[in-house]
Structure formats: C-alpha cells, structure tokens
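J.:
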Amino acid sequence: MDLKKKMKAYGVVGLSLATIDREKSEVICCGKKRKEATELIKEDTLFNACSISKLVTAFLIIKLAHEKKVDLDKDLSDEFVQAGFINTSHPVQHTMTLRQLLRHQAGVQDPEKSFSPLSTDGFPTMEEVLTGRTSYMQENLLIQSKANQFTYSDAGYCLIQYVLEKTTGQTFERLMDEHIFQPLNIKNSTYNWQEILTVPELATYGHHKNGKVYLKEETIYPFHAASGLWSTSADLTKLMLEWNQTLQGESRLGISVHTLNELLQTTEEHPYAGLGLFLDRENEQLEISSLGWGVGFQSMLIYYPSLEKGFVIMTNTDLGVHQTKGLIGDIYQSFKHNIG
1 MDLKKKMKAY
11 GVVGLSLATI
21 DREKSEVICC
31 GKKRKEATEL
41 IKEDTLFNAC
51 SISKLVTAFL
61 IIKLAHEKKV
71 DLDKDLSDEF
81 VQAGFINTSH
91 PVQHTMTLRQ
101 LLRHQAGVQD
111 PEKSFSPLST
121 DGFPTMEEVL
131 TGRTSYMQEN
141 LLIQSKANQF
151 TYSDAGYCLI
161 QYVLEKTTGQ
171 TFERLMDEHI
181 FQPLNIKNST
191 YNWQEILTVP
201 ELATYGHHKN
211 GKVYLKEETI
221 YPFHAASGLW
231 STSADLTKLM
241 LEWNQTLQGE
251 SRLGISVHTL
261 NELLQTTEEH
271 PYAGLGLFLD
281 RENEQLEISS
291 LGWGVGFQSM
301 LIYYPSLEKG
311 FVIMTNTDLG
321 VHQTKGLIGD
331 IYQSFKHNIG
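Position 212 (the sequence shown) corresponds to 212 in the UniProt record's numbering; numbering is contiguous.
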C-alpha cells in the first residue's frame with residue numbers, strides 16, 4: 001500500500017503505524033505534526049490515544065487484581081451512592097463492579113454534553129467530576145435499572161479511576177507508571193497535559209477533516225482512565241507483545257494466563273464486549289480491537305492472539321467517519337488480507 005498516496009487522498013496530515021509479528025515489531029511514520037509546517041512525525045511523536053486509554057486502564061486493573069489490590073467483582077454501588085455520584089431519585093437496583101464498569105455494563109449513562117476536552121476547569125479530581133461540580137459533567141449519574149445492559153460510558157471509567165486512587169492512595173499516573181509503563185518499557189507515553197502544552201516538539205497537533213489545525217488544549221481530555229493517554233503506536237504495541245509473552249509464560253507484568261484471560265470474559269448478552277476491549281470471532285479467528293476517536297485524532301489497535309500478530313495506527317486527523325470507513329479502515333483490510 002502506498003501510504004503517502006492514501007494519506008493525500010483522504011486528507012490525513014500525519015500517522016504512525018506499528019506492527020508486530022510474534023516478538024518482532026516495525027514502525028512506519030508518515031506526514032507532518034502540523035499542516036503547513038515542516039516538522040515530521042517520528043517514532044517518538046505523541047498522539048492522543050483517546051479511548052484506547054481504556055484498554056491500557058484494563059491492563060492496570062488486571063495487574064492490580066492479580067496482586068489482590070483490587071477486587072474485580074466487589075459491589076461498589078453503595079460506595080458510589082455515599083460519595084454523591086449517583087442520582088438517588090433512581091435507586092441502583094443491581095451490582096456495580098469493576099468488571100462491569102470495564103465492559104460498559106454497570107448501567108452508567110454519560111449525561112448529555114459531558115466529557116468535553118480541556119476547559120477553564122482544568123484538571124479536576126474524579127470526585128469533583130463525578131459530583132457534577134465541573135463543566136465536564138454537570139449532573140449526577142443516572143443508573144439504568146436493567147443489569148448488564150451495554151452502554152458505552154466515559155463516566156464508568158471515571159468511576160474506575162476514582163476507585164483505584166481511593167483504594168491505593170496513589171494517583172492514577174503513578175499507578176500506571178509503576179505497574180504498566182516501567183515493566184513494559186513504555187517510555188513515550190504520558191498523562192501529563194502540561195507537558196503536552198509546554199513542550200512543542202513532544203506531540204503532534206490534531207486536525208479537522210477540512211484541514212483546520214486545533215490548538216493542543218482543544219484536544220486534551222482530563223479523564224486519564226477513560227481518554228487521557230498520549231502515546232505512540234510503538235508503545236501501544238508493547239501491550240500486544242506482553243500478551244504474546246504471557247501466553248508463553250514470560251510475562252513482564254508477572255501475571256498469569258488466567259489473569260490475562262480476564263480481559264476476554266464477556267456475557268452471553270454481549271459477547272463482543274471484553275474488559276476495555278472488543279472481540280470479534282470471524283472464521284473462528286479471535287480478533288481483539290480498541291478504537292480511539294477524539295477532537296483531531298483517530299486510532300485503532302488490532303490484535304490476533306493465536307497468530308501473535310497485530311498493529312496500531314494513530315492519525316492526527318479526524319475524518320468525521322468511523323475508522324473502518326477511512327484510511328485506517330484501508331490499512332485494517334490490507335493487514336487482514338496479508339495475514340491470510
């Protein structure tokens with residue numbers, strides 16, 4: 001595939017594509033950090049991972065669960081009510097566990113016009129967000145009465161972040177660095193929004209499909225667990241490399257295959273929703289996916305555990321269509337074709 005030709009046809013300003021084949025990895029970078037500028041995308045250029053952040057969060061959760069620092073199946077509903085996060089005019093009628101929150105099946109509905117990029121409220125605590133004290137979420141959560149109904153939710157991951165920080169007494173960033181980034185040698189990823197804003201060469205700008213360049217503060221989301229990660233395609237492939245190594249009994253995180261397989265646990269009603277990821281079983285071939293889409297950015301992670309192959313593509317342009325219908329979709333189809 002002629003990537004540069006495809007990028008021009010779709011209007012994508014810059015991209016980073018990393019592939020893995022068992023223990024081998026390769027990174028291809030094309031395009032610019034900013035339209036009309038000269039600085040090129042490099043291997044260490046940061047992109048907004050957007051909701052791929054949720055998959056990284058899920059890895060952190062299973063690592064902490066393996067160490068018995070958190071319980072995937074503990075009912076947290078009373079704790080959330082007592083903290084003032086939930087609208088008590090609609091009582092919670094079912095459990096709310098980390099497992100359910102990770103797969104968007106804890107009944108959490110995001111209020112309308114919530115979870116926008118960085119505003120004058122800056123980076124509040126999760127308690128401030130979840131009690132409706134900021135512009136990011138201006139009302140308490142309504143919890144659906146039906147248990148295990150799938151409703152995609154950023155608020156659910158804010159609840160997860162709150163639980164992790166309260167349970168461990170550590171910040172989310174420190175937990176991630178200690179338990180995931182350091183063991184996996186993830187060196188070019190951050191939740192530090194000030195670094196993104198003040199170190200110009202660190203990250204790419206985001207772009208609208210019409211070519212407009214967004215200010216960096218317009219593309220930063222202050223919800224670490226849900227959508228706050230800035231990363232590279234190479235760093236994100238290290239999650240897949242860890243998956244491969246864990247299956248071979250050589251986990252760098254020190255987790256077991258049983259613990260890793262928690263990510264794949266679904267419900268009968270929603271067999272496509274794992275913990276922080278989505279599953280597809282086409283022709284008996286398990287495909288794991290995670291997608292990121294925010295202001296100025298789109299990305300995709302695809303992994304085939306049985307083949308030990310996968311890829312991550314990150315772009316600095318929001319084409320306004322689902323990833324499968326743009327340049328990312330073309331790359332996805334080409335990858336599937338090449339692996340047979």
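Positions of the beta carbon are idealized from the N, C-alpha and C atoms, including for glycine. Here the structure is a predicted model, which is why all the values come from computation and not from measurement.
Does residue 281 pass the burial test, meaning 16 or more other C-beta atoms within 10 Å, or should it be called exposed?
T.: Label assigned to residue 281: exposed.
J.: Return the CA-CA distance between residue 96 and residue 146, expressed in angstroms with no decimal places.
T.: So the alpha carbons of these two residues sit roughly 12 angstroms apart.
J.: My assumption, with CB atoms under 8 angstroms, is that residue 98 sits in contact with residue 163. Please give the rounded CB distance.
T.: The Cβ separation is near 7 angstroms, so the contact holds.
J.: Whole angstroms is fine: what's the gap from residue 222's alpha carbon to residue 29's?
T.: So the two alpha carbons sit approximately 27 angstroms from each other.
J.: By Cβ distance, which residues of its chain are closer than 7 angstroms to residue 10, with the 5 residues on each side in sequence left out?
T.: So the qualifying residues of the chain are 319, 326, 327.
J.: Can you give the beta carbon distance from residue 35 to residue 213, rounded, assuming they're within the 8 angstroms contact cut?
T.: Confirmed, about 6 angstroms.
J.: Taking the alpha carbon of residue 194 as the reference point, which residue from 220, 232, 180 has its own alpha carbon closest?
T.: Among 220, 232, 180, the Cα nearest to that of residue 194 is on 220.
J.: On the CB-based measure, 16 or more other CB atoms within 10 Å of its CB, does residue 300 come out buried or exposed?
T.: Classification of residue 300: buried, given that the 10 Å Cβ count is 16 or more.
J.: Going by C-alpha distance, which of 126, 70, 14, 137 is nearest residue 168?
T.: Of 126, 70, 14, 137, the residue nearest in Cα terms is 70.
J.: Just confirm the distance between the C-beta atoms of residue 31 and residue 20, as a whole number of angstroms; I'd bet it's less than 8 angstroms.
T.: Going by Cβ atoms, the distance from residue 31 to residue 20 rounds to 22 angstroms, so no, they are not a contact pair.
J.: Going by CA-CA distance only, name the one from 159, 232, 278 that's closest to residue 190.
T.: Per the Cα distances, 232.
J.: Residue 209 to residue 197, Cα distance in whole Å?
T.: Their Cα atoms are separated by approximately 22 angstroms.
J.: What would DSSP say about residue 312, mapped onto helix, strand or coil?
T.: Of the three classes helix, strand and coil, the one that applies to residue 312 here is strand, per DSSP.
J.: For the structure I just gave you, are there three or more beta carbon pairs, one from the segment 263 to 281 and one from the segment 130 to 150, closer than 8 angstroms?
T.: Yes, since at least three Cβ pairs between the segment 263 to 281 and the segment 130 to 150 fall closer than 8 angstroms, the two stretches touch.
J.: Please go through the segment 180 to 265 and give each complete alpha helix (DSSP H) segment of 4 or more residues, from N-terminal end onward.
T.: Correct list: 193 to 198, 224 to 227, 233 to 247, 257 to 260.
J.: Pick helix, strand or coil for residue 291, following the three-state DSSP scheme.
T.: It is a strand residue.
J.: Tell me, which residues are paired with residue 281 by DSSP?
T.: DSSP output for residue 281 lists 286 as bridge partner(s).
J.: Kindly indicate the opening and closing residues of the alpha helix (DSSP H) around residue 172.
T.: Here the alpha helix (DSSP H) through residue 172 covers 172 to 176.
J.: Could you give the residue range of the beta strand (DSSP E) that holds residue 297?
T.: That run of the beta strand (DSSP E) goes 297 to 304.
J.: Assuming residue 26 is part of the beta strand (DSSP E), what are its boundary residues?
T.: It spans 24 to 31 - the beta strand (DSSP E) in which residue 26 sits, taken as one unbroken run.
J.: Helix, strand or coil, according to DSSP, for residue 48 in the structure here?
T.: DSSP places residue 48 in strand when its eight states are reduced to three.
J.: What whole-angstrom Cβ distance do residue 46 and residue 230 have, given they're in contact under 8 angstroms?
T.: Confirmed, about 4 angstroms.
J.: In this structure, what does DSSP give as the bridge partners for residue 160?
T.: DSSP, once it has assigned bridges, lists no residue as partnering residue 160.
J.: Do the CB positions of residue 130 and residue 109 come within less than 9 angstroms of each other?
T.: Against a cut-off of 9 angstroms, the Cβ pair of residue 109 and residue 130 comes out as no contact.
J.: Between the alpha carbons of residue 64 and residue 180, how many angstroms are there, rounded?
T.: So the alpha carbons of these two residues sit roughly 10 angstroms apart.
J.: Is the separation between the beta-carbon of residue 308 and that of residue 239 shorter than 9 angstroms?
T.: Result no, Cβ atoms of residue 308 and residue 239 do not sit closer than 9 angstroms.
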